[in-house]
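In my numbering, the protein residues as written are 219 to 550.
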């Protein structure tokens, strides 16, 4: 008994136990508690912790400022894993936009992507806004500076040739503030890049008479062709009040990222806990109900897969030996 208390790890290794991480603690950075990033991180930790007797990982979730904060914190070693929009993942990997001063980060790695995050534009029905072009001259919330929504709106405005001066008001409210402002008739339209279904969008479509605006056309086709981290998206009919048909838009994927400095075993077990138990994971949030493993390991991923994730995908038959070898080669 004394031997077991003093040398538990040695005993486990000698007698064939699978625990090799010796109760390592990992933290996942997410976003605000009212969004989908936080419950997504919590769902992952729940899956990881369910199997901690097998691998020794203890996972906790942290509410954060979102995509950009998470990437920088993972890079500094303050977080082990973080969730980010697919566009910010791309910019961080190449050192563009808000990451120019940080410089390119070749050590950025990915695990998988989860739900889509469509750009969702909601307009008061009495505003007369039905099409994207109708936003000009109106009171529109374009998002607070530094947010993913603001960055996406600025990209959209650029491809349309618009300036902030093209709006009667270009508001900079935070996501949590804009639904009330819309229904108080302080705004004609609001924009939010968010996973579906969203509580904030439900509030905006039930508290006042409103419509979801289609974001489509030749300019959007050009935007998608020039930016591989964006993808077409659809807000399904019946998801919100007043939406009786599918609404076309575009958006990103929520991507879980890490550093090449995180041990392979850690990422292997996190990836296995989620993708290897996908049927259970889908039940943890409505936004996950349509997840497919084949899409999770490719859609929205710009930075290379982490070797630990590659190891699981190879074992599960989700990528071939040739694809795995190619991915590992490109990381060296």
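Yeah, the Cβ is synthetic: ideal placement off N, Cα and C, and Gly gets one too.
For clarity, every value in this text was computed on a predicted model and none was experimentally measured.
Worksheet item: How should residue 336 be labelled, buried or exposed, when 16 other C-beta atoms within 10 angstroms of its C-beta is the threshold for buried?
Response: Position 118 of the chain shown, counted from the start, is the residue given in the question as residue 336. Buried: at least 16 other Cβ atoms inside 10 Å.
Worksheet item: With distances taken from CA atoms, which of 499, 504 and 505 is nearest residue 261?
Response: Stepping through the chain shown from its first residue, residue 261 is reached at position 43. In this structure, 499 is the residue among 499, 504 and 505 with its C-alpha nearest to the C-alpha of residue 261.
Worksheet entry | First through last residue of the beta strand (DSSP E) which encompasses residue 247 | Counting from one through the chain shown, the residue named residue 247 turns up at place 29. That run of the beta strand (DSSP E) goes 242 to 247.
Discussion item. Looking at the secondary structure, which residues open and close the alpha helix (DSSP H) in which residue 317 lies?
Written reply: One-based indexing of the chain shown puts residue 317 at position 99. That residue, residue 317, is in no alpha helix (DSSP H); it is neither H nor E in DSSP.
Item to complete: Please say whether residue 281 and residue 250 have beta carbons closer to each other than 8 Å?
Response: Residue numbering aside, residue 250 sits at position 32 when the chain shown is read from its first letter. Residue numbering aside, residue 281 sits at position 63 when the chain shown is read from its first letter. The answer is yes: Cβ separation under 8 Å.
Worksheet item: Nearest CA to the CA of residue 421: which residue from 503, 439 and 398?
Response: The sequence position of residue 421 within the chain shown is 203, counting from 1. When only C-alpha atoms are compared, the closest one is 398.
Worksheet entry | Exposed unless 16 or more other CB atoms sit within 10 angstroms - verdict on residue 463 | The residue you call residue 463 lines up with position 245 of the chain shown. The residue in question, residue 463, is exposed, as its Cβ has fewer than 16 Cβ neighbours within 10 Å.
Worksheet entry | Any 3 or more C-beta pairs closer than 8 Å across the region 339 to 359 and the region 503 to 511 | no
Worksheet item: Counting along the chain, where does the beta strand (DSSP E) carrying residue 277 start and finish?
Response: One-based indexing of the chain shown puts residue 277 at position 59. 275 to 280 is the extent of the beta strand (DSSP E) around residue 277.
Discussion item. Strictly by DSSP, which residues pair up with residue 302?
Written reply: Locating residue 302 in the chain shown gives position 84, where the first residue counts as 1. Beta bridge pairing from DSSP links residue 302 with 473.
Worksheet item: For residue 526, which option in 512, 475 and 518 has the closest C-alpha, if you only look at C-alpha atoms?
Response: Your numbering for residue 526 matches position 308 in the chain shown. Comparing Cα positions, the closest option is 475.
Discussion item. Using only CA atoms, which one of 332, 329, 314 and 353 lies nearest to residue 340?
Written reply: Your numbering for residue 340 matches position 122 in the chain shown. When only C-alpha atoms are compared, the closest one is 353.
Worksheet item: Whole-angstrom Cβ separation of residue 247 and residue 297, contact assumed at under 8 Å?
Response: Residue numbering aside, residue 247 sits at position 29 when the chain shown is read from its first letter. Residue numbering aside, residue 297 sits at position 79 when the chain shown is read from its first letter. That belief holds up - the Cβ atoms of residue 247 and residue 297 are roughly 4 Å apart, short of 8 Å.
Discussion item. Using the three-state DSSP reduction, which class does residue 502 fall into: helix, strand or coil?
Written reply: The residue labelled residue 502 in the question sits at position 284 within the chain shown. Coil.
Practice prompt. Check the DSSP bridge columns for residue 437 and list the partner residues they point to.
Written response: Here residue 437 corresponds to residue number 219 of the chain shown, with the count starting at 1. Its beta-bridge partners do not exist; DSSP assigns none.
Item to complete: Measure from the alpha carbon of residue 403 to the alpha carbon of each residue in 362, 344, 252 and 390, then state which is nearest.
Response: To locate residue 403, count along the chain shown from 1; it is residue 185. Residue 403 has its Cα closest to that of 344, out of 362, 344, 252 and 390.
Fill in: Limits of the unbroken beta strand (DSSP E) element including residue 527
What you label residue 527 is simply residue 309 of the chain shown in a count that begins at 1. First-last for residue 527: 525 to 533, but that is the alpha helix (DSSP H), not the beta strand (DSSP E).
Item to complete: Could you check what DSSP says for residue 420 in three-state terms: helix, strand or coil?
Response: Locating residue 420 in the chain shown gives position 202, where the first residue counts as 1. DSSP places residue 420 in helix when its eight states are reduced to three.
Item to complete: Would you check if the distance between the CB atom of residue 331 and the CB atom of residue 520 is smaller than 8 Å?
Response: Sequence index remark: in the chain shown, residue 331 carries index 113 (1-based). Sequence index remark: in the chain shown, residue 520 carries index 302 (1-based). No; because the gap between Cβ atoms is not below 8 Å, this pair is not in contact.
Item to complete: Assign residue 457 to one of three DSSP states: helix, strand, or coil.
Response: Here residue 457 corresponds to residue number 239 of the chain shown, with the count starting at 1. Residue 457 falls in the coil class under three-state DSSP.
Practice prompt. Give the range of the beta strand (DSSP E) segment to which residue 336 is assigned.
Written response: Looking up residue 336 in the chain shown gives position 118. Note, residue 336: beta strand (DSSP E), 326 to 342.
Practice prompt. Quick one: using the 10 Å Cβ neighbour count with 16 as the cut-off for buried, is residue 383 buried or exposed?
Written response: Residue 383 sits at position 165 when you count from the first residue of the chain shown. It counts as exposed.
Worksheet item: Where does residue 362 sit, in a helix, a strand or coil, going by DSSP?
Response: Taking the first residue of the chain shown as position 1, residue 362 is located at position 144. If DSSP states are grouped into helix, strand and coil, residue 362 belongs with coil.
Item to complete: Would you kindly report the start and end of the unbroken beta strand (DSSP E) that includes residue 410?
Response: Here residue 410 refers to the residue found at position 192 of the chain shown. Per DSSP, residue 410 belongs to the beta strand (DSSP E) from 407 to 411.
Fill in: Nearest-angstrom Cα separation, counted from residue 472 out to residue 450
Your numbering for residue 450 matches position 232 in the chain shown. Your numbering for residue 472 matches position 254 in the chain shown. So the alpha carbons of these two residues sit roughly 14 Å apart.
Worksheet item: In whole angstroms, what is the alpha-carbon distance linking residue 419 and residue 466?
Response: Here residue 419 refers to the residue found at position 201 when the chain shown is read from its first residue. Here residue 466 refers to the residue found at position 248 when the chain shown is read from its first residue. Distance between residue 419 and residue 466, taken at the CA atoms: about 16 Å.
Worksheet item: In the DSSP assignment, what are the bridge partners of residue 488?
Response: Within the chain shown, the letter at position 270 stands for residue 488. Answer is none; residue 488 lacks a bridge partner.
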